[in-house]
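Quick mapping for you: the protein sequence lines, in order, are chains G and C.
Heads up, the first sequence is in the working numbering, so the first residue is 30 and it goes up one at a time.
Heads up, the second sequence is in the working numbering, so the first residue is 5 and it goes up one at a time.
To start, the structure itself, in structure tokens.
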Amino acid sequence: MRIHITPLIGVILLCAGIATALPATSIADVYVIANPTATVSAGDIKDIFLGEKQLSGSTKLAPIDNSAAQSEFLAKVMQLDSIKYDSLWTKKSFRDGVNPPALKASDADVINAVKASPGGVGYITSAPPPSVTLIKKF
Amino acid sequence: MSSLNWKDWRRLSRHAALGAFLGLNLSAGVAQADISSGLPIHGFLDTYYGYTNEVNDPRGDSGFHLGTLDLYLNPQLTDRIRSLAEMVVEFDDWYGNGQPSIDVERLQIGYQFTDGLTLWMGRFHTPYGWWNTAYHHGAEIQPTVLRPQFIAFEDHGGILPSHTDGLWANGHQDAGGLGRITYDLFIGNGSRNLINDAIAGTPQYSGQLDMNNGGDDNWQTAVGFRAGYEFRGGTLDTLWVGIHGLREEVVTYDPAVATSPISDSYNGGIAESMLQMVGGFAHWTPGDWEWMAEYYGFNNHAYLHPGVESSVGHTSSAWYAQGGYTLVGRFTPYARYEKTSFNQQDDYFRYLQGGQSYSRSLIGLRYDLNPQTALKLDGGHTNATTNGGQSYNEAHFQLAVRF
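Spelled out as structure tokens, the structure:
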């Protein structure tokens with residue numbers, strides 16, 4: 030019986046590629062960044078993204094979510110899933126009149142928003158440019 | 005991210021269906037809102053089927069009931085000034101016969117001095133205990149179908165003002181590395197009790213607290229506080245315990261009485277009471293458990309004639325305790341016990357619709373169909389122990405959503 034090995038190898042390679050790609054996605058680095066004028070420590074990050082810390086001195090903090098990196102950020106930094114995060118913000122918004130973080134679509138959008146706001150705090154998936162401050166790499 | 009995953013499709017389909025139902029342009033979830041794209045409207049709505057064998061149930065007969073449509077928005081006016089406006093359309097007022105009523109629940113503007121101090125002015129949820137500020141009209145985030153009866157809304161038989169018009173300072177301060185101190189201080193218009201003689205058969209129990217939106221009727225300011233400690237981390241992570249208190253002078257008015265026996269200043273005023281409440285509360289969510297309890301102790305004094313407070317106090321109490329456990333993230337069986345002991349020599353309770361003592365046992369099951377939709381089924385038994393009270397059973401099946 031003749032075995033057609035080329036398609037078989039193709040399937041094996043495809044499966045290996047998928048298997049390799051999945052963990053790569055889940056271990057992506059997350060860089061939390063801030064506007065250089067904001068004084069923010071790594072210990073403040075959770076409180077900032079849950080609306081518990083809204084001021085840094087006289088500066089109003091403006092957290093910014095990044096849909097391209099949100100799942101990694103929530104898992105690594107907040108120790109939450111998106112359902113729990115949404116639920117916490119629903120309650121916070123209803124109880125305290127605090128609006129949730131603005132949502133941007135990409136690293137570039139987040140970097141621009143952080144640079145534009147004196148209290149801007151966001152997160153991206155690659156090393157930040159020198160125009161913003163790196164708070165912590167996760 | 006160039007394509008939608010299954011969660012995105014689920015979210016889109018949910019919002020498309022709900023948006024079509026409401027005819028509103030709804031934002032895609034609270035945490036996804038971008039203020040630069042406009043001011044999002046959020047809210048809650050619920051409807052339920054209720055069974056009861058209570059004679060003359062103030063909520064109406066067995067059958068399908070409309071609950072509440074609650075809409076709120078949080079305009080951020082400047083970096084330091086924010087506001088909160090909330091309106092509800094409700095169909096379940098006591099003795100309301102299912103007719104809709106529109107209430108402005110909250111209308112408050114706040115200035116944030118620091119993370120530890122925000123000062124609000126306007127109408128706000130009176131900060132006592134856990135339940136009143138945590139859930140209020142948010143039926144979907146409320147773990148059960150109904151609130152504990154004694155802390156129901158003013159027009160649902162509640163015995164405390166669940167709203168206050170006035171000034172409110174609140175905030176928190178890190179303390180001791182284990183957690184933080186929380187506080188609320190408020191002053192506002194004292195409430196009045198308005199008797200509705202149109203409710204046949206029980207005029208002496210038909211009073212409803214009114215928050216005096218148009219100014220204080222007796223110029224006696226309500227003063228209250230809530231102070232607590234919230235553990236953050238460690239074995240007691242999320243435990244919030246505290247004390248609360250409220251003092252205000254309440255005049256009861258009966259429109260059928262032309263000349264007031266208590267003062268010429270209060271036409272129709274038939275009784276004047278100094279409400280004095282002190283109590284405590286706790287809320288804890290260790291893992292998949294949720295526990296909560298609140299206690300209210302009263303030592304109310306009557307006024308013998310204007311300006312002279314009786315030295316004789318009437319003591320009363322009310323409390324509830326509730327627990328629930330969430331299985332596989334969706335199913336939450338829960339149980340609650342409520343008990344009140346209201347002194348019927350106390351004019352404050354004697355003239356209120358909900359001022360009769362009772363005890364209630366309740367069990368139920370909540371199912372979270374998705375993060376925005378909850379189904380709840382519960383059943384309870386109530387013993388109303390004074391003044392011709394009765395024992396009765398009731399059950400509810402509620403569908404509640406948030407958007």
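Where is the CB? At the ideal position from N, CA and C, for every residue including glycine.
Predicted model, so just to flag it, every value in this text is computed and none were measured.
Three or more pairs of CB atoms, one per stretch, sit closer than 8 Å, so the stretch 80–89 of chain C contacts the stretch 120–131 of chain G.
With respect to the C-alpha of aspartate 65 of chain C, the residue from C/Pro79, C/Asn101, C/Leu81 having the closest C-alpha is C/Asn101.
Within 10 angstroms of the beta-carbon of glutamine 116 of chain C lie 16 or more other beta-carbons, which makes it buried. Excluding the 5 residues flanking it on each side, lysine 133 of chain G has same chain C-beta neighbours closer than 6 Å at Ile93, Asn95, Val139, Ala142, in chain order. Taking phenylalanine 157 of chain C as reference, the option from C/Gly170, C/Leu171, C/Ile145, C/Tyr139 with the minimal CA-CA separation is C/Tyr139. Within 8 Å of the CB of threonine 330 of chain C, no CB atom of chain G is found; the nearest one sits about 12 Å away. Taking CB atoms only, glutamine 112 of chain C has a neighbour in chain G less than 9 Å away. Between the alpha carbons of aspartate 58 of chain G and isoleucine 164 of chain G lies a gap of roughly 13 Å.
Around proline 375 of chain C, the beta-carbon contacts reaching into chain G at under 8 Å are Ile112, Asp115, Ser116. At least one CB atom of chain C sits nearer than 9 Å to the CB of serine 122 of chain G.
Annotation for glutamine 177 of chain C: Gly120, Arg184, Ile185 place their beta carbon closer than 7 Å to its own, counting only its chain and skipping 5 residues before and after.
Taking a contact as a CB-CB distance under 8 Å, the pair histidine 400 of chain C and tyrosine 99 of chain C does not count as one, their CB atoms being some 19 Å apart.
When DSSP reads this structure, methionine 281 of chain C sits in a beta bridge with C/Leu250, C/Phe302. Interface residue (Cβ-Cβ distance to chain G less than 9 Å): threonine 72 of chain C is not classified as such. DSSP assignment within the stretch 110–139 of chain C yields the following whole alpha helix (DSSP H) runs of 4 residues or more, N-terminal first: 135–138.
Rounded to the nearest whole angstrom, the C-alpha separation of glycine 228 of chain C and glutamate 109 of chain C is 19 Å. About 5 Å separates the beta carbon of arginine 251 of chain C from that of glutamine 280 of chain C, a gap short enough to meet the 8 Å contact definition.
A residue is called buried when at least 16 other Cβ atoms come within 10 angstroms of its Cβ; lysine 166 of chain G does not meet this threshold and is exposed. Flagged as an interface residue toward chain G: threonine 137 of chain C, by a C-beta distance shorter than 9 Å.
Collapsing the DSSP output to three states places isoleucine 367 of chain C in a strand.
Judged by DSSP secondary structure, tyrosine 99 of chain C falls outside any alpha helix (DSSP H); it is assigned neither H nor E. Along the stretch 71–91 of chain C, the positions whose C-beta sits under 8 Å from a C-beta of chain G are Tyr76, Asn78, Gln80, Asp83, Arg84, Arg86, Ser87, Leu88, read in chain order.
At a cut-off of 9 Å, the C-beta of asparagine 128 of chain G has a neighbouring C-beta in chain C. The stretch 291–304 of chain C makes contact with the stretch 325–338 of chain C, as at least three CB pairs between them are under 8 Å. Close partners of arginine 406 of chain C in chain G (Cβ separation under 7 Å): Thr119. Of all residues in the stretch 91–106 of chain G, only Asp94, Ser96, Ala97 come within less than 8 Å of chain C when Cβ atoms are compared, listed by chain position.
Chain-order list of chain G residues neighbouring glycine 142 of chain C: Thr119, Lys120, Phe123, Arg124, by C-beta distance under 9 Å.
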